[in-house]
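Asker: Numbering of the sequence shown is given in full-length UniProt numbering, commencing with residue 1 and proceeding in unit increments.
Glycine included, C-beta positions come from ideal geometry on N, C-alpha and C.
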Amino acid sequence: MANITFTSPIMHGPKTVYAVAGDTKTILAVAEEHRIPIPFECKDGNCASCLIEVTYDEPSMRKGITLTEKEKAKLRELGKISSKEIEDAEVLDLPPRYRLACQFIARDEDVTVAFTGEPGGA
Numbered sequence: 001m002a003n004i005t006f007t008s009p010i011m012h013g014p015k016t017v018y019a020v021a022g023d024t025k026t027i028l029a030v031a032e033e034h035r036i037p038i039p040f041e042c043k044d045g046n047c048a049s050c051l052i053e054v055t056y057d058e059p060s061m062r063k064g065i066t067l068t069e070k071e072k073a074k075l076r077e078l079g080k081i082s083s084k085e086i087e088d089a090e091v092l093d094l095p096p097r098y099r100l101a102c103q104f105i106a107r108d109e110d111v112t113v114a115f116t117g118e119p120g121g122a
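The following block contains the structure:
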C-alpha cells in the first residue's frame, strides 16, 4: 500500500490518500477519485498541464517507473528533466523529481505530490 500525500497552495492543507500497491491507476486518476484539483487537459501526456513534483518519504525506497517518450519530451520542453535524470531513470531505476500526473503510477512507496494549481506549473 502506498501513502500519497497531495499538497498545493490551492488546497486547505495536505491530504493523504492510500493507493493499493500493484494498482495501475495514475496519480491523476487517484487525485480525481479523491477530489484533489490537479489541473489537466488531455490525460495523455501531450499537454503537460498536470506537471507535479514528487518527493519520496523514504528516499532509499524510491523506485523508477518507465518514462514514456511523450513524458520525456514534455519534461525536456519545460526544462524539468535533464539527460542525466533520464539516464538515471532508465539505467539505475531512479525516478526524476518532476513527472506528469497522467503518466506517473505510484508503486508501494510513500510519496508527496506537490502541484501549484496552475496548468503546467509544479
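Applying the 10 Å Cβ sphere with the 16-neighbour rule, what's the burial state of Ser49?
Answerer: Indexing the sequence shown from 1 puts residue 49 at position 49. So Ser49 ends up on the buried side.
Asker: Have a look at the DSSP bridge pairing and note the partners of Val54.
Answerer: Locating residue 54 in the sequence shown gives position 54, where the first residue counts as 1. Val113.
Asker: Taking 7 angstroms as the threshold (C-beta atoms), are Gln103 and Glu53 in contact?
Answerer: For the purposes of this step, residue 53 is identified with residue 53 of the sequence shown, where counting begins at 1. For the purposes of this step, residue 103 is identified with residue 103 of the sequence shown, where counting begins at 1. No.
Asker: Return the CA-CA distance between Ala18 and Val91, expressed in angstroms with no decimal places.
Answerer: Within the sequence shown, residue 18 is the residue found at index 18, counting from 1. Within the sequence shown, residue 91 is the residue found at index 91, counting from 1. Residue identity check: residue 18 is Tyr in the sequence provided, not Ala. When rounded, the distance between both Cα atoms is 29 angstroms.
Asker: Nearest-angstrom Cα distance between Glu77 and Gly13?
Answerer: Translated into positions along the sequence shown, residue 77 becomes position 77. Translated into positions along the sequence shown, residue 13 becomes position 13. Taking the straight line joining both Cα atoms gives about 30 angstroms.
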